[in-house]
Every structure is written in structure tokens, then in C-alpha cells.
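Colleague: Before I ask anything, let me first share the structure, which is written out below as C-alpha cells.
Residue numbers (the numbering used here): -5 to 234.
Below, the structure written as C-alpha cells:
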């Protein structure tokens, strides 16, 4: 069913078999590593535990959790690998990858001594996703800037280390694949345009580290009215 759905969606949206462009799978409601499914994503942990309990009602809780975690991560691995493999078979020249990967969760902005460095534990967890980096044909980390770090040194450190982490995990790949960070012209979850300084911290830093480019993402908010369109046009024509 999964492979049939993939084939249908790709044939429906990417018509040309020789397509050579970006091909990004955007799954944001769950993550392949058990421990990274927090908040609303914990439902996947609960359901996984429930499945194991139903099969083995006599097992102790710690064993149930251990097996549930193992089965979840193995299934996630297979699910994502099969998705990329099938996609690459159907459109072999596309730059296939998952949005937001890698992520190093370097968002501890509350600390005055914030350096932006990816926590070592998150690097280790990203190492466990070696199979994903190896299967991908491009990496698409996100460097969207939160409003809270506007006009601070933290915006530069945040973006810099996220891009560095993408290049670090390239060691797991067998091919020389591009890094293409996602960024945008507004601060995350706002309508406030990035300052010129923060454009340098995102687009400029991406270029400085040698990425293959950047993906400037937007939303329908940019075109919801004539006024909004004109604001974007002015920003693009001047500051950007």
C-alpha cells in the first residue's frame, strides 16, 4: 500500500520521468528516533507500547518499552528507506531527501552563554540515522530563525551550527550529495521580515559554508492580499 501510494503521488505531481529538480518529502508529525517523539508525537510511543503489551501481557514494563522502541525504530527505518528507494526508482535524477533532516536541536536560547553548538547527544543520535543520510540524494536542514533571537548573535550561531551538522553527517553518504538549507524571509511563525543582518546569517552563511544553494520557503500569507504581495515585492526588490 505504501509503495502504491508513493507511485501514485509522484506520477501525479512530478510528470516528467527525467525530472532533475528538488524532491523533498515533508513528514513533520513524527520522527524516526523514538526519543525525539515528544509532546503530541508521544502518541507513537504510547501506541507502540500498547501493541507490544497486547502481544506479551506478562512482560515487565521495562522490557515492553525496550521492545516497543526497537520495533518502532526498525519500522521507521524501513518506512523511510522504502519511500526514498521507490521515489529514486521512479524519478532517479531527482534530489530526494527529507525536510528538516538533519536537525540538531540547538535551540537553548534561554542561556546567556548560548553558543549554537549542536549538543553532543544530538550528534550521536544523528549518527544513528546513518541509513537515512546514505539513502538521501540531498540534505535539507531547516534554518528558520525564531523571532526570539532577532538582532542577537544567537541567530548566526544557530544557523551556522545547523549547516555544519548537515555537512558533518555527509560522512555517512557514499555519494557527494548537496546540502540545501530551508530558510525564509520572515521570522518563524510571524509576518516580520528578516533584517539584513539575519539575511547574512542565513543565506550568507549557507553560501560561506559551501551549500549548493538555499530554499526560500514561504506561505500563503505572502499572497493573502494585495498589500501583502506589495510588501513582499518591496522587500525582495530592496533588502533581499
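Note that beta-carbon positions come from the ideal geometry of N, C-alpha and C, so glycine has one too.
Just so it is clear, the structure is predicted and the values come from calculations on it, not from any experiment.
Can residue 14 and residue 88 be called in contact, C-beta distance under 8 Å?
Modeller: Residue numbering aside, residue 14 sits at position 20 when the chain shown is read from its first letter. Residue numbering aside, residue 88 sits at position 94 when the chain shown is read from its first letter. Yes, they are a contact pair.
Colleague: Which whole-angstrom value is the C-beta distance of residue 65 and residue 42, which I expect to be below 8 Å?
Modeller: The residue given as residue 65 occupies position 71 in the chain shown. The residue given as residue 42 occupies position 48 in the chain shown. Contact flag correct, Cβ pair sits at about 6 Å.
Colleague: Measure the alpha-carbon distance for residue 54 versus residue 45 and round it to whole angstroms.
Modeller: On the chain shown, position 60 is the one that residue 54 refers to. On the chain shown, position 51 is the one that residue 45 refers to. Between residue 54 and residue 45, the C-alpha separation is close to 14 Å.
Colleague: Under the DSSP definition of a beta bridge, which residues are partnered with residue 177?
Modeller: Numbered from its first residue, the chain shown carries residue 177 at position 183. Residue 177 is bridged to 210.
Colleague: Buried or exposed: residue 134, going by 16 or more other Cβ atoms within 10 Å of its Cβ?
Modeller: To locate residue 134, count along the chain shown from 1; it is residue 140. Residue 134 should be labelled buried.
Colleague: Fully enclosed by the stretch 58 to 93, which beta strand (DSSP E) runs are 3 residues long or longer?
Modeller: For the stretch 58 to 93, whole beta strand (DSSP E) runs of length 3 or above, ordered along the chain, are 89 to 92.
Colleague: Which same chain residues, not among the five before or five after residue 176, have their C-beta less than 8 Å away from its C-beta?
Modeller: For the purposes of this step, residue 176 is identified with residue 182 of the chain shown, where counting begins at 1. Excluding sequence neighbours, residue 176 sits near 93, 94, 134, 135, 136, 137, 138, 208, 209 and 211.
Colleague: Within 10 angstroms of the Cβ of residue 150, are there 16 or more other Cβ atoms? Answer buried if so, exposed if not.
Modeller: Within the chain shown, numbered from 1, the residue matching residue 150 stands at position 156. So residue 150 counts as buried.
Colleague: Just tell me which of 4, 228, 146 and 147 has its CA closest to the CA of residue 83.
Modeller: By one-based count along the chain shown, residue 83 stands at place 89. Out of 4, 228, 146 and 147, 4 has the C-alpha closest to the C-alpha of residue 83.
Colleague: By a C-beta neighbour count over all protein chains shown, 10 Å radius and 16 as the cutoff for buried, is residue 2 buried or exposed?
Modeller: Residue 2 sits at position 8 when you count from the first residue of the chain shown. That one is exposed.
Colleague: Am I right that residue 148 and residue 108 are in contact with their C-beta atoms under 8 Å? What's the rounded C-beta distance?
Modeller: For the purposes of this step, residue 148 is taken as residue 154 along the chain shown, with counting starting at 1. For the purposes of this step, residue 108 is taken as residue 114 along the chain shown, with counting starting at 1. Their Cβ separation, rounded to whole angstroms, is 5 Å, which keeps residue 148 and residue 108 in contact under 8 Å.
Colleague: Taking residue 67 and residue 28 to be in contact with their CB atoms under 8 Å, please state how far apart those CB atoms are, rounded to whole angstroms.
Modeller: On the chain shown, position 73 is the one that residue 67 refers to. On the chain shown, position 34 is the one that residue 28 refers to. So it is a contact: roughly 6 Å between Cβ atoms.
Colleague: For residue 17, does the three-state DSSP call read helix, strand or coil?
Modeller: The residue you call residue 17 lines up with position 23 of the chain shown. Looking at residue 17 - three-state DSSP - the assignment turns out to be strand.
Colleague: State the CB to CB distance for the pair residue 0 and residue 80, rounded to an integer number of angstroms; the pair is presumed to be in contact (CB under 8 Å).
Modeller: For the purposes of this step, residue 0 is taken as the residue at position 6 of the chain shown. For the purposes of this step, residue 80 is taken as the residue at position 86 of the chain shown. Going by Cβ atoms, the distance from residue 0 to residue 80 rounds to 5 Å, so yes, they are a contact pair.
Colleague: So what does residue 133 bridge to, in DSSP terms?
Modeller: For the purposes of this step, residue 133 is taken as residue 139 along the chain shown, with counting starting at 1. Its beta-bridge partners are 173.
Colleague: Report all residues from its chain with a CB closer than 6 Å to the CB of residue 35; omit the five preceding and five following residues, and keep chain order.
Modeller: Reading the chain shown from its first residue, position 41 is the one you call residue 35. If we look at residue 35 and ignore the five residues flanking it on each side, its Cβ neighbours are 24.
Colleague: Tell me the residue span of the alpha helix (DSSP H) that contains residue 3.
Modeller: The sequence position of residue 3 within the chain shown is 9, counting from 1. It spans -4 to 7 - the alpha helix (DSSP H) in which residue 3 sits, taken as one unbroken run.
Colleague: Is the separation between the beta-carbon of residue 128 and that of residue 167 shorter than 8 Å?
Modeller: Residue 128 sits at position 134 when you count from the first residue of the chain shown. Residue 167 sits at position 173 when you count from the first residue of the chain shown. In contact: residue 128 and residue 167 (Cβ atoms closer than 8 Å).
Colleague: With 16 other CB atoms within 10 Å as the buried threshold, where does residue 113 fall?
Modeller: Within the chain shown, numbered from 1, the residue matching residue 113 stands at position 119. Burial call: exposed.
Colleague: Which residue or residues does DSSP assign as beta-bridge partners of residue 140?
Modeller: Working through the chain shown from its first residue, we reach residue 140 at position 146. Bridge partners of residue 140: 182.
Colleague: For residue 154, which residues in the same chain have their Cβ closer than 7 Å to its Cβ, ignoring the five residues on either side in sequence?
Modeller: Within the chain shown, residue 154 is the residue found at index 160, counting from 1. Cβ neighbours of residue 154 beyond the five flanking positions: 110 and 199.
Colleague: So, with DSSP's three-state summary, where would you put residue 161?
Modeller: Position 167 of the chain shown holds residue 161. Correct three-state label for residue 161: helix.
Colleague: Who does residue 152 pair with in a DSSP beta bridge?
Modeller: For the purposes of this step, residue 152 is taken as the residue at position 158 of the chain shown. In DSSP, residue 152 forms no bridge with anything.
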